[in-house]
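If you count the sequence shown from 1, position 57 lands on 57 in UniProt numbering, and the numbers rise without skipping.
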Amino acid sequence: ADIEIKIRDIQRLKVPQFDERLIKSLGFDTEKELREWIKSDLESRLGERVRQVMAGQIYKYLLGKTDFELPTRLSERQTDRVVARQMLELYRQGVPPAEVEKRMDEMKTGAREEAVRDLKLAFIMESLSEKFEVDVSEAEVNGIIASIAQRQGQRFDRVRDELVKRDGIASLYVQLRDEKIVEQLIEKAKITEKEPEKKKDKSPETEASDAKARKSRPKRKPPAKTKGKKADEFADET
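The structure is reproduced here in structure tokens:
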């Protein structure tokens with residue numbers, strides 16, 4: 001087939017010059033301040049990711065060691081709380097409100113599956129909060145709201161009103177409380193580090209077997225020649 005290609009335009013990404021104007025536009029006075037902020041932000045994100053993984057392991061352990069039946073009427077309300085918690089996590093990551101709104105239906109679908117698990121975990125964490133005497137102050141809640149507002153570039157009161165409307169304040173309180181409980185459990189836990197498993201090298205016998213299998217595969221026949229159309233003719237049909 002004959003194919004004609006016509007180049008209409010050539011583009012490339014133009015990276016802005018790393019100069020004083022760019023640094024000032026980002027809210028910093030010097031390049032050193034900007035680099036220190038980037039480093040601190042990356043370290044903070046990494047630390048948060050590590051804490052999330054460890055928290056997930058703790059939650060899995062607690063759920064595995066606790067077994068009880070739940071009232072069915074509670075699951076619907078818990079589904080709303082799961083959605084509120086997921087929404088809050090996206091806000092804390094700096095996801096724009098418009099993008100969060102687009103994900104609401106998807107979150108609601110997944111939330112129904114998580115509701116029962118989260119409800120069991122909620123009872124467990126409530127019990128642990130009483131045992132460890134954990135509480136969250138209004139100042140701590142406002143501190144997180146201020147952080148969300150800064151990431152989104154919005155006013156504090158606007159973000160707070162949005163959270164109140166979506167039951168986000170209660171979810172934020174519970175989230176901060178659970179983080180404190182997890183921190184205490186991590187302090188009491190014995191943490192062991194494991195080396196990542198290395199891929200095993202294939203033995204000579206395995207390599208020979210793979211090579212033989214590749215050779216035995218039937219070769220693809222070339223497509224039959226047909227009277228081809230030019231690219232502009234395909235474009236006319238579409």
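Ideal Cβ placement from N, Cα and C applies to all residues, glycine included.
DSSP-derived helix/strand/coil call for residue i
i, result
"A189", "coil"
"E4", "coil"
"L62", "helix"
"I10", "coil"
"L26", "coil"
"Q184", "helix"
"F68", "coil"
"F18", "coil"
"G110", "helix"
Through-space distance from residue j to residue i, alpha-carbon basis
i, j, result
"R92", "R8", "42 Å"
"M87", "E99", "10 Å"
"L172", "E33", "31 Å"
"Q154", "D67", "43 Å"
"D19", "F28", "12 Å"
"S127", "E101", "33 Å"
Buried/exposed call for residue i, threshold 16 Cβ in 10 Å
i, result
"E43", "exposed"
"L144", "Just to set this straight, residue 144 is Ile in the shown sequence, not Leu. Result: buried."
"I148", "buried"
"R217", "Because the pLDDT of R217 is 47, which lies under 50, any placement of that residue in the model is unreliable, and the question is left without a value."
Residue i and residue j closer than 8 Å at C-beta
i, j, result
"E114", "V141", "no"
"G94", "R151", "yes"
"L26", "L62", "no"
Cβ neighbours of residue i in the same chain (closer than 7 Å, five flanking residues each side left out)
i, result
"S129", "R177, I181"
"F156", "I145, A146, A149"
Residues of its chain near residue i, where Cβ-Cβ distance is below 8 Å and the 5 sequence neighbours each way are ignored
i, result
"G47", "none"
Other residues of its chain near residue i: CB distance less than 6 Å, five sequence neighbours each side excluded
i, result
"Q184", "F132"
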